[in-house]
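Every position in the sequence shown, counted from 1, becomes a number in this note's numbering once 87 is added.
Even for Gly, the Cβ is constructed at its ideal location relative to N, Cα and C.
A short write-up of the structure that comes next.
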Amino acid sequence: MKLPPHLSTRDGHLWIGDHDTVALAARWGTPLYVTDEDRVCACYDAYRKALSCYYQDIKILFAAKANGNAAVLRALAGLGAGADVFSSGELHLALRAGMTPDTLLFNGSSKSPADLALAVARGVTVSVDSLDELHQLQAIAAQSGAIARIAFRVNPALEVPTHPKIATGLATSKFGIPHAQVPDAYRLALSCDYIRPVGIHCHIGSQILATDPFARAAEVMVLIAAEITDIGVDLAFIDLGGGLGIPYNHDSDPAPTPADYAAAVMPVFLEGIHTAGIAPQLWIEPGRSLVADSTVLLTRVNSVKQAHRTFANVDAGFNLLIRPAMYDAYHEIIAANKANEPNSACYTVTGPICESGDILAKDRPLPFLAAGDVLAVLDAGAYGFAMASQYNCRPRCPEVLIKGGHSALMRRGEVFDDITATMVDPPWHLRPS
Ligand code: LLP
């Protein structure tokens, strides 16, 4: 199996950076998420370099939904990244990680009055998803006497090659304002005393392994940018949304790089802004492609069972990595302590959750397994821990960050008391004293 540069096999074990995954599993216990900070930074740098070959004025906003650990955001902030935040929680997280409000965009199709008030109070630009939201934002900004900077989220009506649950710019999607309504939306925004339209935003979907859809999105966006410039909008940025998909199947998925992305998108973007006579900043919001392959989920085999197929029952399930159950997603799995052994057997790797769908991988060629073996689920850094739950009252596992020879917790594992910590006894359940 092809491995990215930060993963290797040494002495029969899988290593991440300078660390033996089997030793990490022994030290911190399993299940365990392990993230390589240097890999995250290298992925960020690849985008920055690729885009800046074409255009200097760029901003990369990490999609915080992909990995919500403050340490990951802090590492990216150190390189100059901002963040796409999709909730007040993600906004707080980004600020806590040291990102400044001017590097954030508050996205979302269903923001509450409290979300809008927070964005206004912190001076964060809002991607507005409906005219109703615009009116509410104007009222909230007026109340505090602040000017809210906004972009409209445009629905570019593009079919894209990905799982239907994560195609976000289809004509039928819940996100964004239809193209035909966009000029009037900006006219309205221009007429609002407490609103300043400064940008335009779209997102076409996630896990897209072709560059052409991004180029088509850029085409639509520069066209709209020209239209709204004509009606008087002074466009400070065009935000083309998320980044590339990643090759979850290491040997057969295409693996477009940020350089491929830039080669497809930038000529369209540059020609479009030239024609429109504008020079806005280019924003992109990659999530998955910055963090997915930086992280392995280590899980230990609890038992092996021979039934209609052979099951390896492990200690991580869809409570910790929901992607296989939710999107039929494929993740490579390596027997971390038997990395040099031949794949002579075939296992369906199942988690500890009380649901038949709790399957991490079906019918995978793997070495002969036994209780105690450690499996590494690869490419778990995006929408992995971020989508974890406490289902079946399972405390969420720790996350470890490595950098060079260092390794440290970046999130402690939960304990049973964490599960009950937020529960409150209704008074009629309490015995009178
Ligand atoms: N910007 C916006 C507005 C988004 O909605 C998203 C992802 C991104 C940026 C980041 O896109 P990326 O670069 O990661 O493709 N849980 C799913 C993915 C959901 C993506 C939702 N939006 C999964 O595990 O595949």
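Rounded to a whole number of angstroms, what is the C-alpha to C-alpha distance between C279 and V215? Numbered from 1 along the sequence shown, position 192 holds the residue referred to as residue 279. Numbered from 1 along the sequence shown, position 128 holds the residue referred to as residue 215. Taking the straight line from one Cα to the other gives about 14 Å.
Kindly provide the ranges of any alpha helix (DSSP H) runs that are 4 or more residues long and lie completely inside the segment 379-422, ordered along the chain. 410-414
Taking only the alpha-carbon atoms, compute the straight-line gap between R499 and C484 and give it to the nearest angstrom. Start at 1 with the first residue of the sequence shown, and residue 499 comes out as number 412. Start at 1 with the first residue of the sequence shown, and residue 484 comes out as number 397. So the alpha carbons of these two residues sit roughly 7 Å apart.
Classify I295 as helix, strand or coil using the three-state DSSP reduction. Position 208 of the sequence shown, counting from 1, holds the residue named residue 295. Correct three-state label for I295: coil.
Cutting at 6 Å between CB atoms, please list the residues of its own chain near A330, excluding the five before and the five after it. Your numbering for residue 330 matches position 243 in the sequence shown. Correcting the residue type first, residue 330 is Gly in the shown sequence and not Ala. These residues qualify, in order along the chain: P373 and S376.
Beta-carbon spacing of V285, F239 below 8 Å: Residue numbering aside, residue 285 sits at position 198 when the sequence shown is read from its first letter. Residue numbering aside, residue 239 sits at position 152 when the sequence shown is read from its first letter. Going by C-beta atoms, V285 is not nearer than 8 Å to F239.
The segment 506-518 in contact with the segment 111-122 per 3-pair CB rule at 8 Å: no
Pick from D445, F398, S381 and N427 that is closest to L407, judged by C-alpha positions: As a first step, residue 407 must be located in the sequence shown, where it is residue number 320. Of the listed residues, the one whose Cα sits closest to L407 is D445.
Would W370 be called buried (16 or more neighbouring beta carbons within 10 Å of its own) or exposed? To locate residue 370, count along the sequence shown from 1; it is residue 283. Classification for W370: buried.
Kindly indicate which three-state DSSP category G492 falls into: helix, strand or coil? As a first step, residue 492 is located in the sequence shown; it is residue number 405 there, counting from the start. Note: G492 maps to coil in three-state DSSP.
Shorter than 7 Å, the distance from the beta carbon of H290 to the closest heavy atom of ligand 1, or not? Taking the first residue of the sequence shown as position 1, residue 290 is located at position 203. Result yes, Cβ under 7 Å from ligand 1.
In whole angstroms, give me the CA-to-CA distance for G165 and Q393. By 1-based counting over the sequence shown, the position of residue 165 is 78. By 1-based counting over the sequence shown, the position of residue 393 is 306. Cα to Cα, the separation comes out at about 50 Å.
Please determine whether the Cβ atom of T259 lies at a distance below 7 Å from any heavy atom of ligand 1. The residue you call residue 259 lines up with position 172 of the sequence shown. T259 Cβ: outside cutoff for every heavy atom of ligand 1.
Could you tell me whether the Cβ atoms of V391 and A458 are closer together than 8 Å? In the sequence shown, residue 391 corresponds to position 304, counting from 1. In the sequence shown, residue 458 corresponds to position 371, counting from 1. The answer is yes: Cβ separation under 8 Å.
Taking all protein chains shown into account, do 16 or more other C-beta atoms lie within 10 angstroms of the C-beta of T212, making it buried, or fewer, making it exposed? Within the sequence shown, numbered from 1, the residue matching residue 212 stands at position 125. Buried: at least 16 other Cβ atoms inside 10 Å.
Could you tell me which residues DSSP puts in a beta bridge with E486? The residue you call residue 486 lines up with position 399 of the sequence shown. Paired residues: Y120 and R498.
Kindly list the residues whose CB is nearer than 7 Å to the CB of A162, restricted to its own chain and excluding five residues on each side of it in sequence; keep chain order. Residue numbering aside, residue 162 sits at position 75 when the sequence shown is read from its first letter. E124, V127 and C128.
Can we say the segment 138-154 touches the segment 174-184, given the rule of at least three CB pairs closer than 8 Å? yes
Take S197 as the anchor and find which of T344, V320, T190 and L218 has the nearest alpha-carbon. Taking the sequence shown and counting its residues from 1, one reaches residue 197 at position 110. Residue L218 is the option with its Cα nearest to S197.
With a CB to CB cut of under 6 Å and the five nearest residues on each side skipped, what residues in its chain are close to M48? In this structure the chain extends from 88 to 520, so residue 48 is not present and cannot be described.
Among residues of its own chain, excluding the 5 on either side of A412, which ones have a beta-carbon nearer than 6 Å to its beta-carbon? Here the question's residue 412 lines up with position 325 in the sequence shown. Same-chain partners within the cutoff: F405 and G444.
Do the segment 99-115 and the segment 304-313 make contact, defined as three or more Cβ pairs closer than 8 Å? no
Can you tell me the Cα-Cα spacing of A475 and T255, whole angstroms? Reading the sequence shown from its first residue, position 388 is the one you call residue 475. Reading the sequence shown from its first residue, position 168 is the one you call residue 255. Distance between the alpha carbons of A475 and T255: 22 Å.
Pick out the complete alpha helix (DSSP H) segments inside the segment 263-335, 4 residues or longer, and give them in chain order. 269-278 and 299-317
A229 versus Y281 - alpha carbon distance: Counting from one through the sequence shown, the residue named residue 229 turns up at place 142. Counting from one through the sequence shown, the residue named residue 281 turns up at place 194. About 6 Å.
Assumed close pair A297, L327 - CB separation to whole angstroms, cut-off 8 Å: In the sequence shown, residue 297 corresponds to position 210, counting from 1. In the sequence shown, residue 327 corresponds to position 240, counting from 1. A297 to L327, Cβ: 15 Å. No contact.
Start and end residues, alpha helix (DSSP H) containing S175: Sequence index remark: in the sequence shown, residue 175 carries index 88 (1-based). Unbroken alpha helix (DSSP H) run through S175: S175 to R183.
Residue span of the beta strand (DSSP E) that contains I237, given as start and end: The count along the sequence shown starts at 1 and reaches residue 237 at position 150. A235 to N242 is the extent of the beta strand (DSSP E) around I237.
Please classify I318 as buried or exposed, where buried requires at least 16 neighbouring CB atoms within 10 angstroms. Sequence index remark: in the sequence shown, residue 318 carries index 231 (1-based). The residue in question, I318, is exposed, as its Cβ has fewer than 16 Cβ neighbours within 10 Å.
Taking its Cβ as the centre, do 16 or more other Cβ atoms sit within 10 Å of E358, making it buried, or is it exposed? Taking the sequence shown and counting its residues from 1, one reaches residue 358 at position 271. So E358 ends up on the exposed side.
Contacting residues, own chain, Cβ-Cβ under 7 Å from N479 (five flanking each side not counted): Your numbering for residue 479 matches position 392 in the sequence shown. Cβ within range, chain order: N406, I440 and C441.
Where does A366 land, buried or exposed, given buried means 16+ other C-beta within 10 angstroms? Counting from 1 along the sequence shown, the entry for residue 366 is found at position 279. Looking at its Cβ environment, which holds fewer than 16 other Cβ atoms inside 10 Å, A366 is exposed.
Under the rule that 16 or more other beta-carbon atoms within 10 Å means buried, what is F301, buried or exposed? In the sequence shown, the residue the question calls residue 301 occupies position 214. Buried, because 16 or more other Cβ atoms sit within 10 Å of the Cβ of F301.
Tell me which residues share the same chain as T437 and place their Cβ nearer than 8 Å to its Cβ, disregarding the 5 neighbours each side in the sequence. Within the sequence shown, the letter at position 350 stands for residue 437. Within the same chain, T437 has close Cβ partners F398, A399, N400, V401, G404, D445, I446 and L447.
Using a Cβ-Cβ cutoff of less than 8 Å, which residues in the same chain neighbour S174 once the five nearest sequence positions on both sides are dropped? Numbered from its first residue, the sequence shown carries residue 174 at position 87. Hits under 8 Å: G195 and D202.
S214, DSSP secondary structure in three states: As a first step, residue 214 must be located in the sequence shown, where it is residue number 127. Reduced to three states, the DSSP call for S214 is strand.
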